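K.L.:
Okay, handing you the structure first.
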Amino acid sequence: MEYGNKLRVEICCGTSCYILGGRELLDFSQANEAELADQVEFSAIPCLEACSTDNLGEAPFVRINGVVIGGMTVLKLRATIEKALAERR
């Protein structure tokens with residue numbers, strides 16, 4: 016699922032995700048939104064409902080082009096975005 020030609024990054028902002036690092040992920044998205052605006056669409060989601068799904072890891076969760084990834088950190092998010100963008104070239 017792509018948002019136009021952009022990479023779609025949805026950050027879970029449910030209580031657990033927010034407390035366990037979602038806030039930092041939102042800060043990262045806001046700090047990089049202008050720089051990546053032509054390539055990445057960031058959005059905050061009230062809850063991805065991923066906590067109750069087995070084998071997705073731990074909060075915080077991010078969905079990138081429809082794929083939910085658990086245990087997200089700012090460094091992991093940056094690397095995941097860079098890799099996804101490089102694969103498009």
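Throughout the sequence shown, residue numbering follows my numbering, covering 16 to 104 in sequence. Note that the Cβ used here is the ideal one computed from N, Cα and C, for glycine as well. Because the structure is a prediction, the values reported are computed rather than measured.
1) Taking the continuous alpha helix (DSSP H) assigned at Ile96, which residues delimit it?
2) According to DSSP, simplified to helix, strand and coil, what is Cys62?
3) Thinking C-beta only, is Leu63 closer than 9 Å to Gly36?
4) Check whether the Cβ of Asn80 lies closer than 9 Å to any Cβ atom in chain D.
5) Name the residue from Glu39, Asn20, Val55 and Glu25 whose alpha carbon lies nearest to the alpha carbon of Glu97.
P.N.:
From the atom records:
1) Position 81 of the sequence shown, counted from the first residue, corresponds to residue 96. Unbroken alpha helix (DSSP H) run through Ile96: Val89 to Arg103.
2) Locating residue 62 in the sequence shown gives position 47, counting from the first residue. Cys62: coil per DSSP, three-state reduction.
3) On the sequence shown, residue 36 is found 21 positions in, with the first residue counted as 1. On the sequence shown, residue 63 is found 48 positions in, with the first residue counted as 1. No, Cβ-Cβ distance for Gly36 and Leu63 is not below 9 Å.
4) Among the chains of the structure shown, chain D does not appear; only one protein chain is present.
5) To locate residue 97, count along the sequence shown from 1; it is residue 82. The shortest Cα separation from Glu97 among Glu39, Asn20, Val55 and Glu25 belongs to Val55.
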